[in-house]
Structures are given as structure tokens and as C-alpha cells.
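Beneath this line is the structure, given in C-alpha cells, with notes to follow.
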Amino acid sequence: MTSMQTPRRLVGALLLAGLTGIAGFAQAEASATLPAPLFPTLKTVAQIRQACDSGLASAKKALAQLERRKVDLGWMAAFDDYAATVEDGQSAVDFVQYVHPDKAGRDAAQACSMRWTQFNSTVAQNEQLYKALKRAPTPQPRDRELQRVALGAFEDSGVSLPAPKRQRAKAIIDKLGELDQQFNKNIRDASLQIAYTEAELQGVPEGVWKNARRDAQGRILLGVDYPSYGPVLQSADNPETRRRMWEAKVNEGGEPNLRLLAEIAQLRREYAGLFGYDNYVDFNLRRRMAGNAQAAWKFLDEVQATVTERERADVAELQAAKAQHLGLPLAQVRVERWDASFYAERLRQARFQVDQEALREYFPAQESLRFAMRIIERLMGVKYTPVPAELWHPEVQAFAVSDAATGKPLANLYVDLFPREGKYNHAAVWPLRGSATRIGRLPAAALVVNFNRKGLTVDEMETLLHELGHAVHNNLSNTFYLQQAGTAVMHDFVEAPSQMLEDWVVNKQVLPLMREVCADCKPMPEALVDKVVAAKHFGKGTQYGRQHLYASYDLALHGKDPQDPQALWAKMEGATPMGHVPGSKFVAGFSHIAGGYGAGYYGYLWSLVLAMDLRSPFEANKLDAEVGRRYRERILAQGGQKPAPELVRDFLGRNPSNAAFFDYLKH
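Residue numbers 47 to 713, in the working numbering, belong to the letters of the sequence shown in order.
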């Protein structure tokens with residue numbers, strides 16, 4: 047499956063700049079309440095602007111109080127109180143720019159987000175706070191870890207630079223925030239639609255297009271959201287139909303985003319130069335598990351050595367399948383980018399009798415959410431209770447998360463399942479509020495995906511578990527300080543707890559849980575489960591070859607020498623077995639590296655190594671509650687109170703190993 051972006055909680059940015067009563071759930075409990083404060087009402091532009099003004103005013107007042115405060119044993123807690131004020135004022139407004147149903151609301155939220163970026167970048171260079179933090183007493187290991195990370199964030203923001211460089215650093219931080227937002231806005235507001243006749247959609251499941259809007263000529267209008275894009279690429283018999291959908295999706299950011307990406311890379315290079323680095327990768331990785339560009343490249347080279355031949359073999363199989371399908375000699379056939387999903391699906395069906403679209407009947411959308419939650423309930427000892435709530439859209443659902451054994455309230459979870467115009471069109475989790483046990487602060491997260499209302503494929507179920515894993519990391523955090531809550535971990539570890547859970551979808555121990563939440567749902571036959579498991583290994587070469595390309599491109603773009611983003615992409619993609627389609631602009635939509643994953647996309651593969659190792663204690667029993675409790679306590683609850691390598695050692699009882707990952711790639 048394709049890994050999805052997960053925006054991180056905004057405490058790092060402090061220094062760095064529903065429907066109820068739906069099938070599959072019991073009727074939402076009218077008496078149930080959400081443990082954390084309800085997501086604020088931000089329906090109108092006026093409400094968004096008022097929330098922006100009041101949030102910034104509160105943050106400025108809290109900052110002034112912190113600046114006046116004596117540096118004593120209570121200073122670290124006061125510093126964390128300030129972070130809570132910022133998070134309360136900023137996170138909700140930041141988030142609604144991605145999900146607000148009205149463009150005016152999204153634009154207002156984006157404008158507010160820029161004000162926060164400018165405010166935070168100023169605070170990140172506050173010498174008074176920096177010096178106070180250095181002097182603050184740190185009697186506990188968690189205090190010292192917070193101090194270490196926070197001092198690094200201040201220093202990364204330029205607080206120790208000479209005045210002219212410090213001013214330039216702030217200007218660059220502010221500009222990068224603006225460019226990242228514009229990059230995403232260009233994608234979000236494109237609202238691309240492709241017009242098709244019914245004949246052109248032959249092979250595509252009727253449920254994908256039957257109720258879609260039509261243009262004046264009666265043609266069916268399909269967007270590039272995943273419930274449309276995936277089935278068209280996998281199922282459309284007409285290659286021109288597939289090509290048009292693929293080209294629309296791959297070019298959705300267009301030339302404007304190519305220019306933005308070039309500017310982003312140039313500014314990052316300049317930013318690293320302010321600190322004496324000749325490339326942004328070494329600057330960015332020096333506080334992460336990888337440590338530097340050399341280590342990241344070494345890791346990617348090891349991955350490439352393992353997957354290259356397998357990727358070539360996968361493409362050769364696709365070529366043979368296309369030749370057979372078209373009745374042409376092999377030498378006359380070339381596999382185009384818009385052919386890959388189509389022929390991979392044909393091979394899966396022929397070889398394993400697995401039809402991704404047919405699997406949707408086993409995973410109805412709402413019931414799949416409940417199934418995913420039941421996995422977490424059994425594994426982690428928690429309970430999800432639907433709660434009536436008026437949120438940013440009528441279809442958004444709210445859940446109270448509590449401890450199953452004690453009933454203790456733990457967190458809020460909001461779930462936005464289905465696509466709509468203007469909504470963030472991938473899959474991500476926004477940690478809206480972090481935990482802080484010292485003040486009884488409970489966390490909240492928003493899970494945003496775009497699924498087919500009729501049901502999910504196995505790949506989409508894995509995406510759901512992946513994203514729910516990020517939400518669980520937030521929700522089950524039990525940290526003393528807010529700034530260490532949940533996903534506030536080393537960035538090349540942040541995906542590991544989510545990637546780990548992807549392995550729980552198609553498993554004979556786990557699948558019966560679907561019957562617990564949906565007695566009427568059709569169970570997947572055991573023989574089909576075996577076929578689905580076997581089919582999951584098909585195409586690993588192209589899957590991980592693609593991830594390797596993304597990570598390598600990201601490091602190359604942010605290396606020592608300036609690069610034209612499109613030319614570099616064309617060169618690097620052109621060197622892969624399937625090649626590059628002239629004129630295609632994939633990186634114009636590569637929002638990961640325009641934002642928080644810039645010079646850090648390798649972290650998906652790096653985290654996957656750790657994720658596969660974290661699965662090892664669950665090998666004998668995927669639903670082992672005792673192992674799950676230990677995982678919850680030693681990984682999830684700890685957030686960033688300890689460095690990531692220490693968290694892994696605490697859970698596994700040994701140093702991490704890459705053996706499981708490379709063994710999986712080879713077989």
C-alpha cells in the first residue's frame with residue numbers, strides 16, 4: 047500500500063514553525079460525553095477569524111507571563127503550560143483549512159495559519175526563553191529529554207545565530223510555511239473532474255460512477271479522489287480512460303507547484319547554509335535516528351540492492367500480461383504508468399483469484415471503521431463509544447475513548463470518512479490536542495480519509511488501520527508534558543506504530559472480529575483469506591521500488607547541488623524499469639516533501655524496518671492482550687519522553703533488528 051502523510055502535532059511548530067446511529071455501531075449514546083473539550087464551532091468566516099484573534103491574544107498573554115516568570119523548579123511546567131495555550135488556540139483553526147466544506151472557510155483558516163506561523167517563528171528565536179530553558183532545573187529524565195529536544199528546536203530556528211542571519215532565518219521559516227500552504231491549496235482547490243461516457247467506463251464497477259454528476263452532454267464526471275481514481279486505474283478496459291484519469295491525478299498540482307517546490311528546496315538549502323551546512327539533508331537529519339545524509343543514503347542503497355531485480359521482474363510480468371491480453375508479440379508491448387494497476391489486478395485475479403473490488407463486500411465502510419476500532423479495543427484494552435456531536439461536517443463522527451478495565455476517560459477521536467469537494471484528498475491524522483497528565487489534559491485527534499461508501503478494499507483497510515494507528519498514538523499517550531505527547535517522537539520513528547498495525551487486516555485470528563461488530567456482514571471464506579495473503583506478496587518489487595524512488599528523490603532534491611524539481615524527477619523516474627512519461631508532473635502533487643517530510647521521506651521505509659520488528663512479539667497471537675498492554679505502556683503511552691531507540695528497546699527487550707524487513711523484501 048502507499049504510505050500516507052500524517053501531519054505532526056504542532057508543539058514542534060511552537061518552536062519551529064457526526065452522523066449517529068449508523069449501521070455497525072450501537073446508537074450513539076445521548077448521555078455519553080467526550081472526555082476532552084469538543085472541537086470548537088468554526089462554521090463561518092467570522093467564527094474562524096474570531097477564534098484566530100482570541101487564540102493569538104491568549105498566546106501573547108501567556109508568552110508575556112512566561113517571560114516574567116522566575117526560573118525555578120516550576121519553570122518547565124510553566125513552559126509546557128504556554129505550549130498548551132498555543133495548541134488550544136492554533137490546532138483547530140490550522141486543521142479546518144483542510145476539511146472545511148466552504149472555500150471561504152478554508153481560505154480564512156489558511157490566512158490565520160500564516161499568522162500563527164509568523165508568531166511561532168518569532169517565539170522560536172526568543173533569546174530570553176532559550177536562556178531560561180538552559181537554566182531550568184531538570185530533576186527527572188523526562189525533564190532532561192524535554193529540555194534537550196526543546197533547546198534543539200530553538201537552535202534549529204536560529205536563536206543562536208548572529209542578528210542578520212537570525213532575521214533571515216525567521217523570514218525563511220515564514221516563507222516556507224506560506225509556500226507549503228499554497229502548495230496544498232493548489233491541489234485541494236483544483237477540484238479536477240474528468241468527463242466520461244458510459245462506454246468509456248466499461249469494466250469500472252457501476253457503483254463508482256452510477257450516481258456521479260453529469261455534464262450538459264450527459265457525460266459522467268469523476269474526480270481524482272481515491273474512490274474514483276483507484277477503481278478506474280484498476281478496472282477500466284479502455285486504456286485511454288485510464289490514461290486520462292492517471293494524467294489528471296499526476297498533474298493536479300501543475301506548473302505552479304513545480305515552481306513552489308523549486309523555491310522551497312532553494313530556501314531550505316539557504317536555511318541550512320545559515321548554520322554552516324552545504325545541504326539541507328545533513329542539517330535536518332542531525333537530530334533524528336539516521337543522523338546524517340550518509341546514513342540515510344546507505345540505508346536506501348541496501349533497500350535498492352534488495353528490490354531492484356524484483357522490481358524488474360514485476361514489470362516483466364506486467365508486460366507479458368499486457369501482451370497476452372492484447373494478442374501482441376512481447377517485443378511490441380510497453381507497460382505504461384496507467385497500465386500498471388490494471389494488469390497487476392488482472393494478474394492477481396488470474397493467479398490468486400483475488401479481485402480487490404469484489405473484496406469490498408467483506409468490508410462495508412462504516413462496519414470497517416468499527417472493525418478497526420475493535421482490533422484496537424481487544425489489543426490495547428480500550429473502548430470506543432460514539433457520541434452525538436455537531437462538527438465541521440454532518441458526516442463527521444465523534445468517539446469517546448476510554449480504558450476498558452477502569453472506564454477512565456482517555457481521549458476524543460473524530461473520523462471524517464468520505465470524500466467531498468475541497469476536502470484534503472489523501473489520508474492523514476491531525477493530533478489536535480496532546481496529553482499532559484500533570485494538568486489532567488486529555489488528547490484528541492482527527493482521522494481524515496476518503497473511502498468508497500460501498501466498502502473498502504484490503505489496501506484501503508490497511509490505510510484505515512495505518513491512520514487509526516496514528517490516532518491511537520495520540521489518544522493513548524500518557525505523558526507528563528504536553529510537548530512530549532503522542533507523535534512528538536523522532537520523525538523517522540513516527541510512522542512505525544502505524545505501519546505495524548497494517549499487518550492486522552487479513553489474518554484468520556483477527557477477521558472474526560468483524561462478526562462481533564456486524565453479525566450480518568458476510569465473512570471472508572478461509573480459502574479466500576489464504577489467497578489474499580498470498581496476493582499481498584505480489585508486486586512487492588514495484589511497491590517498494592516506488593517508495594525507494596520517492597525517498598531517493600527527496601534526498602537528492604535537498605542535497606548540496608541545486609536541482610530543477612521536474613528535471614530531477616524525470617531523470618530519476620526515467621531510470622526505473624517503467625520509465626518516465628514525458629510531461630507528467632508527479633512531484634507537483636508530492637505534498638509530503640513540500641511540508642514536514644522534506645528531506646525526511648526516507649522515514650517511511652526507515653520506520654517500516656522498526657514496524658516489522660515491533661510486530662515480532664505478536665507473531666504467535668495477533669490479539670495477545672498482554673503484549674498489547676506492554677506495547678501500549680512502553681511505546682504509545684510514552685510519546686517522546688524517551689528517544690525512539692530507547693522506546694523500541696524497552697518494548698522488545700533488545701536492540702532493534704532489520705532482519706524481518708529485509709527477509710520480507712526477499713520472499
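The C-beta atom is built at its ideal place from N, Cα and C for all residues, glycine as well. This structure is a prediction, so every number in the text was calculated from the model and none was measured.
Beta-carbon gap between residue i and residue j smaller than 8 Å
| i | j | result |
| --- | --- | --- |
| alanine 690 | valine 535 | yes |
| leucine 651 | proline 81 | no |
| alanine 444 | alanine 450 | no |
| alanine 369 | proline 375 | yes |
| glutamine 402 | aspartate 505 | yes |
| leucine 88 | valine 139 | yes |
| aspartate 271 | proline 440 | no |
| valine 132 | alanine 105 | yes |
| tryptophan 476 | phenylalanine 200 | no |
| leucine 502 | serine 387 | no |
| leucine 601 | tryptophan 343 | yes |
| aspartate 360 | glycine 587 | yes |
| glycine 680 | aspartate 538 | The question names glycine, but residue 680 is arginine in the sequence shown. Not a contact, by the Cβ cut-off of 8 Å. |
| leucine 682 | proline 558 | no |
| serine 703 | aspartate 670 | no |
| valine 447 | valine 461 | no |
| arginine 214 | proline 608 | no |
| glycine 605 | valine 327 | yes |
| isoleucine 266 | leucine 238 | no |
Opening and closing residue of the beta strand (DSSP E) in which residue i lies
| i | result |
| --- | --- |
| phenylalanine 40 | For residue 40 there is no data in the structure shown, the boundaries of the chain being 47 and 713. |
| valine 475 | 474-479 |
| alanine 241 | 239-242 |
| threonine 431 | 428-433 |
Residue i (DSSP reduced to helix, strand or coil)
| i | result |
| --- | --- |
| leucine 488 | coil |
| valine 379 | coil |
| aspartate 696 | helix |
| asparagine 458 | strand |
| tryptophan 652 | helix |
| leucine 268 | strand |
| lysine 500 | coil |
| proline 277 | helix |
| threonine 354 | helix |
| alanine 482 | strand |
| arginine 260 | strand |
| leucine 511 | helix |
| valine 494 | strand |
| serine 662 | helix |
| methionine 335 | coil |
| methionine 419 | helix |
| tyrosine 128 | helix |
Residue i burial status per 10 Å Cβ neighbour count (16 or more: buried)
| i | result |
| --- | --- |
| alanine 69 | Model confidence at alanine 69 stands at a pLDDT of 35, short of 50, so the residue's coordinates are unreliable; what they give is reported in the following sentence. With fewer than 16 Cβ atoms within 10 Å of its Cβ, alanine 69 is classed as exposed. |
| alanine 616 | buried |
| histidine 13 | For residue 13 there is no data in the structure shown, the boundaries of the chain being 47 and 713. |
| proline 571 | exposed |
| leucine 656 | buried |
| phenylalanine 71 | The predicted model places phenylalanine 71 with a pLDDT of 44, which falls under 50 and marks its position as unreliable; any figure quoted below should be read in that light. So phenylalanine 71 ends up on the buried side. |
| glutamine 73 | Annotation note: pLDDT 48 at glutamine 73 (below 50); position unreliable, no value reported. |
| threonine 525 | buried |
| glutamine 365 | buried |
| lysine 582 | buried |
| aspartate 385 | buried |
| alanine 706 | buried |
| glycine 67 | Only weak support is given to the placement of glycine 67: the predicted model assigns it a pLDDT of 31, under 50, and the question is left unresolved by the model. |
| glutamine 340 | exposed |
| valine 694 | buried |
Residue i: first and last residue of the uninterrupted alpha helix (DSSP H) it sits in
| i | result |
| --- | --- |
| lysine 221 | 209-234 |
| tyrosine 596 | 586-603 |
| isoleucine 25 | In the structure as shown, the chain begins at 47 and stops at 713. Residue 25 is therefore absent and cannot be evaluated. |
| lysine 712 | 705-712 |
| aspartate 153 | 149-169 |
| lysine 582 | 572-582 |
| aspartate 202 | 187-202 |
| lysine 180 | 173-181 |
| proline 285 | 285-296 |
| arginine 561 | 559-563 |
| methionine 618 | 611-620 |
Would you check if there are 3 or more beta carbon pairs closer than 8 Å linking the region 625-633 to the region 518-536?
-> The answer is no - the region 518-536 does not touch the region 625-633, with fewer than three Cβ pairs under 8 Å.
Touching or not, the region 282-302 and the region 183-194, by the rule of three or more beta carbon pairs under 8 Å?
-> When Cβ pairs closer than 8 Å are counted between the two stretches, the region 282-302 is seen not to touch the region 183-194, the count staying below three.
For the 8 Å Cβ check, are there 3 or more pairs between the region 229-247 and the region 270-288?
-> Contact between the region 229-247 and the region 270-288 is present, because at least three Cβ pairs lie under 8 Å.
Check whether the region 164-179 touches the region 197-216, counting contact only when three or more Cβ pairs, one atom from each stretch, lie closer than 8 Å.
-> Yes, they touch.
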